[in-house]
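Using my numbering, you'd call the opening residue of the sequence shown number 728 and step up by one each time. Just so you know, even glycine gets a beta-carbon here, dropped at the ideal spot from N, CA and C. Notes follow the structure.
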Amino acid sequence: MNKRLSVDSLRVFRTVVQTGNMSKAALLLNLSQSAVSWKLRRLEDHLQCQLFTRIDGKSVPTEKGSVLLRHAENILTEHDNAVAYFSPSALRGKLRIGVTEHISMTEICGVISTFTHHHPEVDIQLVVEQSHLLRQHFSEGSLEIILHQDFTGTASPEDQVLWSEKLYWCATPAWRYESDKCLKLITWGPDCYYRSLAEEKLRQSKIPFTVMLECPSVAGMLAAITTGLGVGIINQYSIDKAVCNVSGFEMMMPLPSVDCLLRVNEYRFNPASEAFCQMLTRVMHKQR
């Protein structure tokens, strides 16, 4: 039996595993979605097994797919090391990037993975914080690039607007507002502007509330809301299928939109920073 694995097919396979989505993988790899689908189908035919299954709308590797992923990681690492040795990128140095978790970590990490594949000598350090902390670190000079959020129309002149999105009051589908009881609020840390917004809106509507949970992560917020612990404000691209927007609150307490912003230190010359931002904006704009 003479089976040979295509490096290109393995790279497509790994990227789909990382993103959980063929269309996102296609954008990161600069391929059409049909090309990604065709390469995966050819790989499955070649190995005579199913590599993916669908769970909650995501492409998840099967048991054999997980085995292939381990081998693919090793093969691609050695392949990329060899290519980098014989055709090295001119980019060198460090790149310190700050990201708010409200922006999809899957997409950001996918861009970083692709960038480091092309420029292995660039050492990327990623910091995940709330937006106000990212802006503080940026002003102190410890971050060269930040991806942060603010209310639409409030961006600084040094910010580039990547996209805008809505905010929603979210709860589990079974949740019902009871006016005779104190509302339980699921929220971020005390300094987060999502929390300040929620508290301001509830006070204006004279709805008594208590903070049931403070959580610094999107996953934690969604888990608390999904299990029915209370209500929280979630941005459009973080909403999970297990939660839904509270239409009554949307009418009573409408929420503003937010801008997702890119801020770059233009006073510190770094070719790697420029190359990374070009890749990032290209992928993010296509996905939206």
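query, result
"Just the Cα atoms here: how many angstroms apart are A969 and R781?", "16 Å"
"Have a look at V810 and L874 and give me their C-alpha separation to the nearest angstrom.", "31 Å"
"Quick test of your reading: T833 and E856, contact by CB under 8 Å. State the CB separation rounded to the nearest angstrom.", "The pair is not a contact, with the Cβ atoms about 18 Å apart (cut-off 8 Å)."
"Taking the beta carbon of V888 as the centre, do at least 16 other beta carbons fall within 10 Å, making it buried, or is it exposed?", "exposed"
"Specify the secondary structure class of D886 as computed by DSSP and reduced to three states.", "strand"
"Any contact of the segment 980-987 with the segment 893-908, i.e. 3+ C-beta pairs under 8 Å?", "yes"
"Should N997 be labelled buried (16 or more other beta-carbon atoms within 10 Å of its own) or exposed?", "buried"
"Tell me which same chain residues have a C-beta within less than 7 Å of the C-beta of L796, skipping the five on either side of it?", "R741, V744, P788"
"Among residues of its own chain, excluding the 5 on either side of I824, which ones have a beta-carbon nearer than 6 Å to its beta-carbon?", "L853, I872"
"Looking at the unbroken alpha helix (DSSP H) that takes in I873, where does it start and where does it end?", "Here I873 belongs to no alpha helix (DSSP H); instead the beta strand (DSSP E) covers 872-878."
"My output table needs one value for S831: the three-state DSSP class, helix, strand or coil.", "coil"
"Tell me, to the nearest whole angstrom, how far the beta carbon of R769 is from that of S793; I am working on the premise that it is less than 8 Å.", "20 Å between Cβ atoms; not a contact."
"Quick one: what's got a C-beta closer than 6 Å to P935's C-beta in the same chain, skipping five residues either side?", "C909"
"Give the DSSP-derived three-state secondary structure of P943 in the structure shown.", "coil"
"Which first and last residues belong to the beta strand (DSSP E) in which L894 is found?", "894-898"
"Using beta-carbon positions only, say whether L756 and V739 come within less than 8 Å of one another.", "yes"
"Could you tell me whether the Cβ atoms of H829 and Q863 are closer together than 8 Å?", "no"
"DSSP has R781 in a bridge; who is on the other side?", "S786"
"Just confirm the distance between the C-beta atoms of G916 and E885, as a whole number of angstroms; I'd bet it's less than 8 Å.", "25 Å between Cβ atoms; not a contact."
"Count the CB pairs spanning the segment 796-805 and the segment 959-968 that are closer than 8 Å, and state whether there are at least three.", "no"
"Using a Cβ-Cβ cutoff of less than 8 Å, which residues in the same chain neighbour T953 once the five nearest sequence positions on both sides are dropped?", "T899, D967, A969, V970"
"Would you call Y994 buried or exposed, if buried means 16 or more other Cβ atoms sit within 10 Å of its Cβ?", "exposed"
"Pick out the complete beta strand (DSSP E) segments inside the segment 788-870, 3 residues or longer, and give them in chain order.", "820-826, 849-855"
"Buried or exposed, going by whether 16 or more other CB atoms sit within 10 Å of the CB of R930?", "exposed"
"Can you tell me which of A799, M948, S906 puts its alpha carbon nearest to the alpha carbon of K933?", "S906"
"Looking at the unbroken beta strand (DSSP E) that takes in D986, where does it start and where does it end?", "985-991"
"If you draw a straight line from the C-alpha of F842 to the C-alpha of R819, how long is it?", "12 Å"
"For the candidate residues Q775, G975, S750, whose alpha-carbon lies nearest to that of Y904?", "G975"
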